[in-house]
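Chains as they are written, first to last, in the working numbering: chain A, 129 to 511; chain B, 4 to 187; chain C, 760 to 1030.
By construction, the Cβ of each residue, glycine as well, lies at the ideal position given by its N, Cα and C atoms.
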């Protein structure tokens, strides 16, 4: 099952693959050539696979001395031109927030995989959904993708690299114990069918280059390191030349741009999928593994004559507000489904406020919802 | 080919190749039969105390919920696992268990099939191949995958030094299933 | 008459000066030492990445006209690790204070030394957390008064050079801001070395360490105090352990060859 043909980046074909391996294969298919990570379950199979596979394709693997060492090595490699990734699990993700904050501030593209786990054990949970968005200090916008299957762990990891390179922003793949440690059918397309985006490098000579010059909500072009561009990447507020400057106008312009470049491009970034929503009167809104029992529950409800649909949030941050609002306008109520005490449900309530009521099928028991439970919840709301 | 999902639970204790059995069966179904499959297993403190269990769902359609507590087939290789997981067998389901184990399931509507997996593996030279006897039995009795599928995936999966033993065990398991047909 | 311009000025980021160091601070001297070493070796800053974390020393690279990373306390070597693995051709120089390198960044420090990461680290040890207001650091001499050790420090300090040597660094030397010539020579040796090279420079912080620990905010008093406590390696050998602990032992401690770090796993696949 650990098939890896030497030198081959894209393992085209049908596999029965572990979710964590699918993340690694997705990263490689997207062009990842640097990985750093520190041991932590249930993310270890990502590191192990990358350690085996990266040398085969000319990339580099680092087992960091800790999570901070790993995330900063990823940022350093990214600035040196690498497509870089790290993977961790909830507790390790806490440690990485510091480096993540720096990556947002200096606009370093990188991919972070957080395999969410219950405190200290490999039980199912989605309780990091707010940490994904708000964990680091400073002002920034997060891009967080929520795969629901092994196939999506592969697909969304590629998408994460593409968005990271396009927007010069860290992108988080929100994995979960449930799908990370699951084996499932994975179809890897031929390499030429995989869309890969790469960062834009400046065409200007060093004398004309301003490292953080960009349109109001735009993304600045990169310059390679060690080629005389003299770029300065500081966490401190910086002007277009990169120079540290605490002028309130410089400060405001910088933070407006690095958040605006994400917010103003939500239509490109936010991705949702609709199931049975055409005539739905009631909608389940779910993300990650919880989409799966939600789909089963909707089918059961349909079989009983209830017009129920599902809105799957493939992107959880930024919040796909337009898509959620459309569903809210159409339905008489929505049900927020998640595997925690009810965190993202608050975002759904915010978007749906004054439009339709939001019911919360939320719980944190270390278990994914059973379809029957959600079906019963639907029956209660429908009546 | 259209089929309804089949839920299988393999259980026993650590070292019996329980998880590997589920992976081999799933790999054959997906990569050689073009079916869908989901395999999960117990982790954390739930899996401690030497017990081990793996779940496998095989279907012709994409599988949504990865967890089902109503198993069509339970394969048990240890007494503790059998006692613990038997309640998850659905009405009319099938229990396949090693002949050295005991069960009082006769009163229910489920089919109970004792398979001399450990005994057969020992006669072939090593009891660690008991899981392969069961896999051979499952293949032949369910026809979810073909003999060639199973043999090929076993070849790709097990270490070379155990290959001959494992292939013999698969074959022995198939012989034990001659005339047994499980509806799936 | 035209004012003569320091030839090192051409290495300074346009518009970068004036610097923000306090009067009498040693960081400006270290900046000068480094540029002198760069000039004498005929190096270009164009293919150099200079890195600073947070703190007074961390500001040194901000004034250099090179590619520069700045602004996160203690993580200098972690950045450098990713950078050097992906592009070993880059010349990477890290500037770190004692708080940055030996306190918050201590773990990265020992692991970079253990791996023999091919970077030069210039560690300016001013014996306290200076930028934050003169708190105790892991290098503060025993019994020194600082803003967080108002009754004197009870913690024995690190000997940073011995720590680096024990962890596996392949070039290690220590000088002081009093010993400009030797410091420049050591930086040149470090920049010419392949592997993890460390130059520790004991430096004066008149604003905080001077005032709180020594009762004088005059740089000259501090420089004299440092000089009185400085001994050469040869002199140190004649001292007892107790006497040596109260001195700054100066010299080149380690100079050796060892394979440099190229990633956690061996790379010759299909060898």
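Going along the chain, which residues of its own chain have a beta-carbon closer than 7 Å to the beta-carbon of residue 150 of chain A, five neighbours each way excluded?
278, 281, 282 and 314
How would you call residue 189 of chain A, buried or exposed, if buried means at least 16 neighbouring beta carbons within 10 angstroms?
buried
Looking at the structure shown, is residue 110 of chain B part of a helix, part of a strand, or coil, going by DSSP?
Residue placement at residue 110 of chain B is poorly supported in this model, since its pLDDT is 48, which falls under 50; the coordinates still yield a value, given next. The answer is helix: DSSP assigns residue 110 of chain B an H, G or I state.
Look up residue 298 of chain A in the DSSP assignment and say whether it is helix, strand or coil.
strand
Locate the beta strand (DSSP E) running through residue 238 of chain A, then write down its first and last residues.
238–244
If you draw a straight line from the C-alpha of residue 471 of chain A to the C-alpha of residue 488 of chain A, how long is it?
10 Å
Rounded to whole angstroms, what's the CA-CA distance from residue 1021 of chain C to residue 844 of chain C? Just pull it up for me.
6 Å
In the DSSP assignment, find the unbroken beta strand (DSSP E) run with residue 856 of chain C in it and report its ends.
850–856
Could you give the first and the last residue of the continuous alpha helix (DSSP H) run that contains residue 159 of chain B?
150–160
Determine, using beta carbons only, whether residue 197 of chain A and residue 842 of chain C come nearer to each other than 8 Å.
no
Counting pairs of beta carbons, one from the region 163–179 of chain B and one from the region 132–141 of chain B, are three or more of them closer than 8 Å?
yes
List the residues that DSSP assigns as beta-bridge partners of residue 930 of chain C.
C/956 and C/1014
Can you tell me which of the three DSSP states residue 336 of chain A falls into?
helix
Selected residue, minimal CA-CA separation from residue 79 of chain B, among B/33, B/24 and B/35
B/24
So which residues of chain B does residue 363 of chain A contact, with C-beta pairs closer than 8 Å?
Chain B residues near residue 363 of chain A: none, gap ~38 Å exceeds 8 Å.
Could you name the residues that DSSP lists as bridge partners for residue 55 of chain B?
B/15
At the 8 Å Cβ level, is residue 258 of chain A part of the contact set with chain B, yes or no?
no
Could you tell me which chain A residues have their CB closer than 9 Å to the CB of residue 40 of chain B, listed as they occur along the chain?
144, 311, 312 and 313
Quick one: Cα of residue 442 of chain A to Cα of residue 272 of chain A, how far?
9 Å
Collapsed DSSP secondary structure at residue 272 of chain A in the structure displayed:
strand
With 16 other Cβ atoms within 10 Å as the buried cut-off, status of residue 764 of chain C:
exposed
Closer than 7 Å by beta-carbon distance: list the chain B residues that pair up with residue 423 of chain A, in chain order.
67
From A/465, A/501 and A/505, pick the residue whose C-alpha is nearest to that of residue 490 of chain A; which is it?
A/465
Could you check which residue in A/247, A/176 and A/216 has the C-alpha nearest to that of residue 468 of chain A?
A/247
Residue 169 of chain B: first and last residue of the uninterrupted alpha helix (DSSP H) it sits in
163–179
Could you tell me the alpha carbon to alpha carbon distance between residue 286 of chain A and residue 154 of chain A, rounded to whole angstroms?
5 Å
If we define contact as Cβ-Cβ less than 8 Å, is residue 283 of chain A a contact residue for chain C?
no
Quick check on the burial criterion: 16 or more other C-beta atoms within 10 angstroms. Buried or exposed for residue 782 of chain C?
exposed
Whole angstroms are fine: how far does the CA of residue 420 of chain A sit from the CA of residue 304 of chain A?
13 Å
What residue range is occupied by the uninterrupted beta strand (DSSP E) comprising residue 441 of chain A?
436–441
Taking CB distances under 8 Å as the criterion, tell me whether residue 329 of chain A reaches chain C.
no
Residues of the region 173–196 of chain A with Cβ closer than 7 Å to any Cβ of chain C, in chain order
179, 183, 184, 188, 189, 190, 191, 193, 194 and 196
In chain order, what residues of the region 226–246 of chain A put their CB closer than 9 Å to some CB of chain C?
226, 227, 229, 230, 233 and 234
Whose CA, out of B/69, B/62, B/151 and B/125, lies closest to the CA of residue 7 of chain B?
B/62
Secondary structure of residue 44 of chain B, DSSP reduced to three states:
strand
Could you check which residue in A/503, A/156, A/146 and A/493 has the C-alpha nearest to that of residue 311 of chain A?
A/146
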